[in-house]
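Below is one structure; the comments refer to it alone.
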Amino acid sequence: MKILYFARPEIVLLTMASVVFLSVGPVFAAKVKEFDRSGQLITTEKSAAELQPQPAYDIKNRQKEKTFAVPRPPFTEGAFPCSQCHKYMKPNSKPRALTEYHTEIVLHHAEGQRWCTDCHNLVNRDKLRLVSGELVDFTESFRLCGQCHGDKFRDWKVGVHGRRTGDWNGDKQYLLCVHCHNPHDPKFKALKPMPPPDRPGKAGH
Amino acid sequence: MSDIKKCDDHVLHKSRRKMLKGLAAGIGLIAMPGRDASASVWEEFFQKHFRELSKDELKGVIARLEKEYSTRYDKKITVKTTPPIEGVRYGYGLDLSRCIGCRRCVYACVTENNQSRTPQVQWIRVMQLDKEKGIDLSHAEHYYNPATVPEKGHFYMPVQCQQCEKPPCTKVCPVQATWKENDGIVVVDYNWCIGCRYCMAACPYGARHFNWAKPVIAAKEVNPNTHYLGNRPRPKGVVEKCTFCIQRTREQPGRYPACAEVCPVGARKFGNLLDPESEIRYLIENKRVFIFKEDLNTQPKFYYFYAT
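Those sequence lines, one after another, are chains A and B. The first sequence runs 50 to 254 under this note's numbering. The second sequence runs 651 to 958 under this note's numbering.
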């Protein structure tokens, strides 16, 4: 209420009244002025139904994420299912340096701000955990990555981010994020280039 | 006196013409293949332009070629003549923000499309460019060979046939051995090409390549799945170019081009420009896109884009 304290009360009341009026007022068909891609002003007729505000995003009853057929995630040899070892261990959520197992994992993915159980579920180790608390399989790890990397996730779903194989007009094979990016160190690694072309004048030309 | 001389000249003239005619016919006869030469040489010599062949004639041509290639490489080689798919116009997208210049595409293309190993023919050329200078071709380097790519301060731009909507190469061909198909792919009839290389001079992208010698490919490396207008084995002295893997993409269902499939960073995108749901349409509508040498008005269907 600090802001209102400094403002003049009649202006505040007027603003609140107009907000209420605009939000509940009826919507009529109208001409809508928009700029197209080339910067030209275009006027389009829109019906009342089109101008109705879109319903708010329903958090509880979200549309289920489409599933994609993907190859087996690139697990470390013999590491999966995780529960084969973890079921004998007491879950410990305390961030600490791992000294016995998983020592090869060096976290270069928002270092210092992440801990295993941010993504791996503490109790059921064979599942990943979304921020919402929902558990997902490793084959659906794209949903986990997509929580932060929404732009890449959107591009990946339509086939613009990441490699696609298969048929361009038929079945397309998707890859998981983790097939190309190590989730613990996601930067794409440098590759050795294939040999350069022969220079003109070389024998055989 | 002068009349007689004139007459003499006339006779002499005539006889010289006759002599030349006879000589030409004689040389022609000698140059012709002998009786023992196989009929295929005759057939090849008198083969019509690809687009003028009737269905039966085409069948004969394909049978002859398949037999020839199969004996040459000692394995079954098929030559397809799959026509364009109705309602399809191919487009290609290449993400410059992802390409790391590893040249996997170059060699996947060589293997898929039966390009000559010696002398070397490669349909894709990857340029290394300075990030500071942008797309400045005077500073392009395509013989780069560091231990690992990408190198700091550089970006990479692969160039291949741009499948122009207004291809300058087909315009200059004196025998119409190259043309644009209905699905937008620019193709070459290797049996009609006379090897004048005008198209190579006309192409602003350096996308056409000439077989200076008989292509050498190890028999076990030959891709037996070929198309007449695409990757079938080429003779010496003809021009060849990228066909968006016509032998794959014209099928239903058709596989992605070899370069798109092999790309380790997923920078290469392919699809139907007429399909609003395709990947290529999405990237054209949502990403920053440019076409190479736009000022020449060749209208490429090869779209370079930045996904980030």
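Every residue, glycine too, gets a C-beta built ideally from N, C-alpha and C.
DSSP three-state call for alanine 79(A): helix, strand or coil?
Your numbering for residue 79(A) matches position 30 in the first sequence. The answer is strand: DSSP assigns alanine 79(A) an E or B state.
Just to make sure I have the definition right: I need the residues of chain B whose C-beta is within less than 8 Å of the C-beta of alanine 239(A). Which are they?
In the first sequence, counting from the first residue as 1, residue 239(A) sits at position 190. Near alanine 239(A) (Cβ distances below 8 Å), the residues of chain B are Ile750, Thr798, Val799, Pro800.
Endpoints, the alpha helix (DSSP H) within which glutamate 911(B) is located:
Here residue 911(B) corresponds to residue number 261 of the second sequence, with the count starting at 1. Unbroken alpha helix (DSSP H) run through glutamate 911(B): 908-912.
With which residues is glutamate 94(A) paired in a DSSP beta bridge?
Within the first sequence, the letter at position 45 stands for residue 94(A). Paired residues: Lys80(A).
Under 8 Å, do glycine 751(B) and proline 800(B) count as touching if we go by C-beta distance?
Position 101 of the second sequence, counted from the start, is the residue given in the question as residue 751(B). Position 150 of the second sequence, counted from the start, is the residue given in the question as residue 800(B). In contact: glycine 751(B) and proline 800(B) (Cβ atoms closer than 8 Å).
In chain B, which residues lie with their C-beta within 9 Å of the C-beta of histidine 210(A)?
On the first sequence, residue 210(A) is found 161 positions in, with the first residue counted as 1. The contacting residues are Asp745, Arg748, Gly916, Ala957.
Please state whether DSSP places asparagine 231(A) in a helix, a strand or coil.
The residue you call residue 231(A) lines up with position 182 of the first sequence. Correct three-state label for asparagine 231(A): strand.
Is DSSP giving arginine 637(B) helix, strand or coil here?
There is simply no residue 637(B) to check, as chain B begins at 651 and stops at 958 in what is shown.
Could you have a look at glutamate 890(B) and say whether DSSP puts it in helix, strand or coil?
The residue you call residue 890(B) lines up with position 240 of the second sequence. Of the three classes helix, strand and coil, the one that applies to glutamate 890(B) here is strand, per DSSP.
From Cys895(B), Pro914(B), Arg931(B), Thr820(B), pick the residue whose C-alpha is nearest to that of proline 734(B); which is it?
Within the second sequence, residue 734(B) is the residue found at index 84, counting from 1. When only C-alpha atoms are compared, the closest one is Cys895(B).
Quick one: Cα of histidine 877(B) to Cα of isoleucine 867(B), how far?
As a position in the second sequence, residue 877(B) is number 227, starting the count at 1. As a position in the second sequence, residue 867(B) is number 217, starting the count at 1. When rounded, the distance between both Cα atoms is 17 Å.
Close Cβ partners of leucine 179(A) (< 8 Å) along its chain, the five nearest in sequence each way excluded
Locating residue 179(A) in the first sequence gives position 130, where the first residue counts as 1. The residues are Val185, Arg192, Leu193, Gln196.
Run the CB neighbour count on histidine 254(A), radius 10 Å, all protein chains shown included, and call it buried at 16 or more, exposed below.
Here residue 254(A) is taken as the residue at index 205 of the first sequence, counted from 1. Residue placement at histidine 254(A) cannot be trusted, given a pLDDT of 48 that sits under 50; what the coordinates show is reported in the next sentence. It counts as exposed.
Alanine 827(B): buried (16+ other C-beta within 10 angstroms of its C-beta) or exposed?
Sequence index remark: in the second sequence, residue 827(B) carries index 177 (1-based). That one is buried.
Could you confirm whether any beta carbon from chain B is found closer than 8 Å to the beta carbon of valine 207(A)?
The residue given as residue 207(A) occupies position 158 in the first sequence. So, interface residue.
Assuming the contact rule is C-beta atoms closer than 8 Å, glutamate 929(B) and glycine 208(A) should be a hit. Round their C-beta distance to whole Å, please.
Counting from 1 along the second sequence, the entry for residue 929(B) is found at position 279. Counting from 1 along the first sequence, the entry for residue 208(A) is found at position 159. At roughly 4 Å, the Cβ-Cβ gap stays under 8 Å, so glutamate 929(B) and glycine 208(A) are in contact.
Tell me which same chain residues have a C-beta within less than 7 Å of the C-beta of histidine 804(B), skipping the five on either side of it?
For the purposes of this step, residue 804(B) is taken as the residue at position 154 of the second sequence. Answer for histidine 804(B): Gln778, Leu779, Asp780, Lys781, listed in chain order.
Quick check: what's the CA-CA separation for lysine 51(A) versus phenylalanine 77(A)?
By one-based count along the first sequence, residue 51(A) stands at place 2. By one-based count along the first sequence, residue 77(A) stands at place 28. Low per-residue confidence applies at lysine 51(A): pLDDT is 49, beneath 50, and the placement is therefore not dependable, though the value from the model is reported in the following sentence. Answer to the nearest angstrom: the Cα atoms are 38 Å apart.
Does the beta-carbon of arginine 666(B), which I'm using as the reference point, lie nearer than 7 Å to any heavy atom of the ligand MN?
The ligand MN is absent from the structure shown, which contains no ligands of any kind.
Apart from the five residues just before and just after aspartate 839(B), which ones in its own chain have a Cβ nearer than 6 Å to its Cβ?
In the second sequence, counting from the first residue as 1, residue 839(B) sits at position 189. Excluding sequence neighbours, aspartate 839(B) sits near Phe700, Ala827.
Residues of chain A with CB under 7 Å from lysine 864(B), in chain order?
Locating residue 864(B) in the second sequence gives position 214, where the first residue counts as 1. Under the 7 Å cutoff, chain A gives no residues; its nearest Cβ is about 12 Å from lysine 864(B).
What number of angstroms, rounded off, separates the C-alpha of arginine 714(B) from the C-alpha of serine 690(B)?
Against the second sequence, residue 714(B) aligns to sequence position 64. Against the second sequence, residue 690(B) aligns to sequence position 40. Whole-angstrom Cα-Cα distance: 7 Å.
Kindly indicate if chain B contains any beta-carbon less than 8 Å away from that of histidine 254(A).
Taking the first sequence and counting its residues from 1, one reaches residue 254(A) at position 205. The predicted position of histidine 254(A) is uncertain, since its pLDDT is 48 and thus under 50; a value taken from the coordinates is nonetheless stated next. Judged by the 8 Å Cβ criterion, histidine 254(A) is in contact with chain B.
Cβ closer than 7 Å: which chain B residues qualify as neighbours of aspartate 247(A)?
As a first step, residue 247(A) is located in the first sequence; it is residue number 198 there, counting from the start. Ordered by position in chain B, the residues that pass the 7 Å Cβ test against aspartate 247(A) are Gln770.
When burial is assigned at 16 or more other CB atoms within 10 Å of the CB, is serine 788(B) buried or exposed?
Looking up residue 788(B) in the second sequence gives position 138. Exposed, by the Cβ-count rule.
Is cysteine 755(B) closer than 8 Å to proline 808(B) when the C-beta atoms are compared?
For the purposes of this step, residue 808(B) is identified with residue 158 of the second sequence, where counting begins at 1. For the purposes of this step, residue 755(B) is identified with residue 105 of the second sequence, where counting begins at 1. Contact: yes.
Segments of 4+ residues assigned as alpha helix (DSSP H) that fall wholly inside the stretch 154-222 of chain A:
190-194, 199-207
Leucine 673(B), DSSP secondary structure in three states
Working through the second sequence from its first residue, we reach residue 673(B) at position 23. Note: leucine 673(B) maps to helix in three-state DSSP.
For a test of the three-state rule: what should DSSP assign to valine 729(B), helix, strand or coil?
Here residue 729(B) is taken as the residue at index 79 of the second sequence, counted from 1. Strand.
Quick one: is glutamine 902(B) near chain A, going by C-beta distance under 8 Å?
If you number the second sequence from 1, residue 902(B) lands on position 252. Answer yes: the Cβ-Cβ gap between glutamine 902(B) and chain A drops below 8 Å somewhere.
Contacts that asparagine 795(B) makes with chain A (C-beta to C-beta distance below 8 Å)
Your numbering for residue 795(B) matches position 145 in the second sequence. Simply Pro242, Pro244, Pro245.
Report, in whole angstroms, the separation of the C-beta atoms of lysine 810(B) and alanine 851(B), which I expect to be a contact under 8 Å.
Within the second sequence, residue 810(B) is the residue found at index 160, counting from 1. Within the second sequence, residue 851(B) is the residue found at index 201, counting from 1. Residue 810(B) is actually glutamine in this sequence, not lysine. So it is not a contact: roughly 18 Å between Cβ atoms.
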